Amino acid sequence: MTTITKLNQWLQAGLITPAQHANILSFEAERRQNANGWLYSFMILGAVIIGLGVISLIAANWAHIADSTKLGVDFALLSVLAGGIFWQYPQRRHGVWFEVLLVSFMLLCLASIGLISQIFHISGQWYHALLFWAAITFLLSLFARSLFTRFFWVTLLLQGLVWSLVDFTTPDIWQQWKTLPAVLLLAPLLSATLYYATFPVKTLRGFSTSLYFWFQITAMIALAMIDIARSGGEMTEYQLAWFVPAYMTAGLLALGILLHREYRWLNRLLLLGALGLLLLYFHPDWLFSGQSRYSLFGSQAQATVSFWQADDIRAPLLTLAILFLYALHSGNSGRQHTFNLVTFLIGLRFVILYFQAMGGLAATGVGLIVSGSLIIGMTWLWYKSRDRLRAWTTGLQT
């Protein structure tokens with residue numbers, strides 16, 4: 023007897039309510055879909071490859087095809103895919119073909135934007151096209167049940183939003199490579215802001231996993247980049263205007279943190295503290311002067327710079343402080359995998375700091391032995407202490 027048959031019998035017997043019946047069916051469908059995630063991924067990958075093959079064949083004869091034919095074929099394909107989606111939706115909403123057709127239609131919408139702009143000579147940037155594509159496919163993406171489909175839409179949305187916002191305050195962004203830190207700072211802040219925005223609306227919660235993933239990836243990249251840049255005395259000639267979109271997004275993010283119902287006040291304070299330190303880290307000249315010092319023992323330090331004024335001392339300390347605050351928040355929130363990752367990054371930064379400080383000693387045989395022993399000792403200490411530390415952070419109260 024199938025699960026659906028049992029549920030129908032329980033519903034008729036009055037053992038469960040219609041709402042419970044619908045929730046159980048939705049849960050079971052989601053569970054089956056997650057179990058067959060590899061099937062969805064390969065089917066969608068095959069559809070993408072077929073699409074690339076069709077594009078290659080068309081591109082080889084592109085100059086000989088009339089514009090009206092190009093548009094006619096494009097809209098015909100869109101119509102066929104839309105019909106297939108409509109046909110698959112009523113009873114096979116959770117089926118693999120529904121997701122394949124959905125992704126194919128969304129990809130063809132993106133290709134159609136490029137085709138129309140090429141035929142009618144519409145100028146614009148690629149990230150503006152991504153933003154427009156995300157807007158016109160938003161309602162369609164709400165029907166997706168595959169994580170791949172939602173991840174694909176979120177990824178292109180973030181690309182379009184980040185580059186468009188930075189371009190709004192910095193014209194000719196591609197001519198100024200120094201604006202890259204503004205992009206790297208905005209990416210995690212925007213991902214986190216949209217992540218919190220999904221919680222009040224139930225239909226948007228399917229995007230939260232993808233947004234949280236990109237927040238963690240972009241945050242680690244941004245933190246590593248700013249650490250390297252500050253330790254090397256860079257970013258002394260950057261303009262504050264480049265970071266205006268990031269500061270505005272940070273204000274919205276702070277509001278999202280304060281209004282998040284699942285957080286205790288300790289979590290809010292920890293996240294706001296980490297956010298404030300990150301903004302301070304990226305500020306052009308509040309804390310970092312560009313005076314670098316590459317040895318903790320002063321062999322290469324400038325005589326006018328004190329120990330605590332050296333950029334390569336402040337940078338790792340600020341990095342460790344941000345990671346420590348976020349580790350406390352992760353442990354206190356019960357995010358075990360995130361807690362393990364962040365505490366590992368803390369240990370890794372300590373090891374890198376050691377090699378920065380003891381670079382000369384590490385070049386000798388005794389230094390290598392000491393360095394290797396230190397790495398093994400720190401790794402073992404982290405492995406043995408992480409459970410106790412996580413239990414301590416989980417039990418923290420405001």
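Taking the working numbering, the leading residue of the sequence shown gets 23, the next gets one more, and so forth.
A virtual CB, placed ideally from N, CA and C, is assigned to each residue, including glycine.
All figures in this text were calculated on a predicted structure; none of them were measured in a lab.
Candidates Thr171, Ala263, Cys131, Phe174, of which the one nearest Phe97 by Cα = The sequence position of residue 97 within the sequence shown is 75, counting from 1. Nearest option by C-alpha distance: Cys131.
Residue range of the alpha helix (DSSP H) that includes Gly228
Taking the sequence shown and counting its residues from 1, one reaches residue 228 at position 206. It is not in any alpha helix (DSSP H) - Gly228 carries neither H nor E in the DSSP assignment.
To which residues of the same chain is Thr159 closer than 7 Å at the C-beta, ignoring the five residues directly before and after it? Numbered from its first residue, the sequence shown carries residue 159 at position 137. Met128, Cys131, Trp175, listed in sequence order.
Determine the DSSP secondary structure at Glu284, reduced to helix, strand or coil.
-> Residue mapping note: residue 284 aligns to position 262 of the sequence shown, counting from 1. Reduced to three states, the DSSP call for Glu284 is coil.
*asked:* Rounding to the nearest angstrom, what Cα-Cα distance links Ile141 and Arg371 in this structure?
replied: Here the question's residue 141 lines up with position 119 in the sequence shown. Here the question's residue 371 lines up with position 349 in the sequence shown. Approximately 52 Å, taken between the alpha carbons.
| query | If you scan the region 156-210 from start to end, which runs of the alpha helix (DSSP H) of 4 or more residues do you find wholly inside it? | reply | 160-163, 169-191
Checklist entry - How big is the Cα-Cα spacing for Trp11 and Leu293? => result With the chain covering only 23 through 420, there is no way to say anything about residue 11.
* Give me the Cα-Cα distance between Ile279 and Tyr218, rounded to the nearest whole angstrom. => Here residue 279 refers to the residue found at position 257 of the sequence shown. Here residue 218 refers to the residue found at position 196 of the sequence shown. Their Cα atoms are separated by approximately 8 Å.
Checklist entry - Along the chain, where does the alpha helix (DSSP H) that runs through Ala133 open and close? => result Looking up residue 133 in the sequence shown gives position 111. Start and end: 118-141.
**Prompt:** For Asp307, does the three-state DSSP call read helix, strand or coil?
**Reply:** Here residue 307 refers to the residue found at position 285 of the sequence shown. In this structure, Asp307 counts as coil in the three-state DSSP scheme.
*Could you give the C-beta distance for Val429 and Ala204, rounded to a whole number, given that I count them as a contact under 8 Å?*
The structure shown does not extend to residue 429, since the chain is modelled only from 23 through 420, so no value can be given for it.
Counting beta carbon pairs with one atom in the region 281-291 and one in the region 225-237, are three or more of them shorter than 8 Å? no
Exercise for review: Give the DSSP-derived three-state secondary structure of Ser145 in the structure shown.
Suggested key: Walking along the sequence shown from the start, residue 145 turns up at place 123. Looking at Ser145 - three-state DSSP - the assignment turns out to be coil, as it is neither helix nor strand.
Original post:
Is DSSP giving Leu103 helix, strand or coil here?
Top reply: Locating residue 103 in the sequence shown gives position 81, counting from the first residue. Note: Leu103 maps to helix in three-state DSSP.
Status (buried if at least 16 other CB within 10 Å, exposed otherwise) for Trp185
The residue given as residue 185 occupies position 163 in the sequence shown. By the 10 Å Cβ count, Trp185 comes out buried.
**Prompt:** Should Ser90 be counted as a contact of the ligand NAD given a C-beta to heavy atom distance under 7 Å?
**Reply:** As presented, the structure is devoid of all ligands, the ligand NAD included, so that no description of it is given.
Under a Cβ-count criterion, where at least 16 other Cβ atoms within 10 Å of its own Cβ denotes burial, should Leu302 be classed as buried or exposed? Stepping through the sequence shown from its first residue, residue 302 is reached at position 280. Exposed.
Note to self: Considering only their Cβ atoms, is the gap separating Thr201 from Trp18 smaller than 8 Å?
What the structure shows: Summary: the structure shown does not reach residue 18, with the chain confined to residues 23 through 420, and so no result is reported for it.
Helix, strand or coil at Gly36 according to DSSP, with G and I counted as helix | Numbered from 1 along the sequence shown, position 14 holds the residue referred to as residue 36. Three-state DSSP puts Gly36 in coil, outside helix and strand.
**Q.** Distance between Gln181 and Tyr12 (C-alpha atoms, nearest Å)
**A.** In this structure the chain extends from 23 to 420, so residue 12 is not present and cannot be described.
Practice task
Tell me whether the beta-carbon of Leu164 lies closer than 8 Å to the beta-carbon of Thr225.
Solution key: To locate residue 164, count along the sequence shown from 1; it is residue 142. To locate residue 225, count along the sequence shown from 1; it is residue 203. Their beta carbons are under 8 Å apart, which means Leu164 touches Thr225 by this criterion.
Check: Considering only residues of the same chain and omitting the five flanking positions on each side of Leu137, which have a CB-CB separation below 8 Å?
Finding: By 1-based counting over the sequence shown, the position of residue 137 is 115. Contacts found: Lys92, Leu93, Asp96.
Spatial neighbours of Ala41 in its chain, beta-carbon cut-off 8 Å, leaving aside the 5 residues before and after: As a position in the sequence shown, residue 41 is number 19, starting the count at 1. Cβ neighbours of Ala41 beyond the five flanking positions: none.
When the Cα atoms are used, what is the spatial distance from Tyr376 to Arg357? Here residue 376 is taken as the residue at index 354 of the sequence shown, counted from 1. Here residue 357 is taken as the residue at index 335 of the sequence shown, counted from 1. Distance between the alpha carbons of Tyr376 and Arg357 is about 29 Å.
_Same chain only: Cβ atoms within 7 Å of Gly106, ignoring 5 sequence neighbours per side_ = One-based indexing of the sequence shown puts residue 106 at position 84. Taken in chain order, the residues that qualify are Leu123.
Next item on the list: Give a yes or no on whether the C-beta atoms belonging to Ala268 and Leu207 are separated by under 8 Å.
Entry: Translated into positions along the sequence shown, residue 268 becomes position 246. Translated into positions along the sequence shown, residue 207 becomes position 185. Yes. Within cutoff.
Original post:
Does the Cβ of Ser139 have 16 or more other Cβ atoms within 10 Å, making it buried, or fewer, making it exposed?
Top reply: Against the sequence shown, residue 139 aligns to sequence position 117. Result: exposed.
Discussion item. Assuming Leu262 and Pro306 are in contact, meaning their beta carbons sit under 8 Å apart, how far apart are those beta carbons, in whole angstroms?
Written reply: On the sequence shown, position 240 is the one that residue 262 refers to. On the sequence shown, position 284 is the one that residue 306 refers to. So it is a contact: roughly 6 Å between Cβ atoms.
Note down, in chain order, each residue of its chain lying with its Cβ closer than 7 Å to the Cβ of Thr271, except the 5 sequence neighbours on either side. The residue you call residue 271 lines up with position 249 of the sequence shown. Excluding sequence neighbours, Thr271 sits near Leu208, Leu211, Leu212, Thr215.
Next item on the list: Could you please give the first and the last residue of the uninterrupted alpha helix (DSSP H) stretch that includes Tyr348?
Entry: The residue you call residue 348 lines up with position 326 of the sequence shown. It spans 333-355 - the alpha helix (DSSP H) in which Tyr348 sits, taken as one unbroken run.
**Prompt:** Measuring CA to CA, which of Ala166, Ala151, Ile135 is closest to Glu121?
**Reply:** Residue numbering aside, residue 121 sits at position 99 when the sequence shown is read from its first letter. It is Ala166.
So, with DSSP's three-state summary, where would you put Gln322? Residue numbering aside, residue 322 sits at position 300 when the sequence shown is read from its first letter. Note that Gln322 scores 49 on pLDDT, short of 50, meaning its location in the model is unreliable and no value can be drawn from it.
Please list, in chain order, all residues of the same chain as Asp249 whose beta carbon is under 6 Å from its beta carbon, the five residues on each side excluded.
-> Taking the sequence shown and counting its residues from 1, one reaches residue 249 at position 227. Once the five neighbours on either side are set aside, the close Cβ partners of Asp249 are Ala337, Thr341.
task = Please name the residue in Gln238, Leu100, Leu297 whose C-alpha comes closest to that of Ile135.
result = As a first step, residue 135 must be located in the sequence shown, where it is residue number 113. The option with the nearest alpha carbon to Ile135 is Leu100.
* To do: From the DSSP output, in three-state form, read off Ala251 for me.
  => To locate residue 251, count along the sequence shown from 1; it is residue 229. It is helical.
Practice problem: Taking Ala296 and Leu339 to be in contact with their CB atoms under 8 Å, please state how far apart those CB atoms are, rounded to whole angstroms. | Solution: Mapped onto the sequence shown, residue 296 falls at position 274. Mapped onto the sequence shown, residue 339 falls at position 317. That belief does not hold up - the Cβ atoms of Ala296 and Leu339 are roughly 14 Å apart, past 8 Å.
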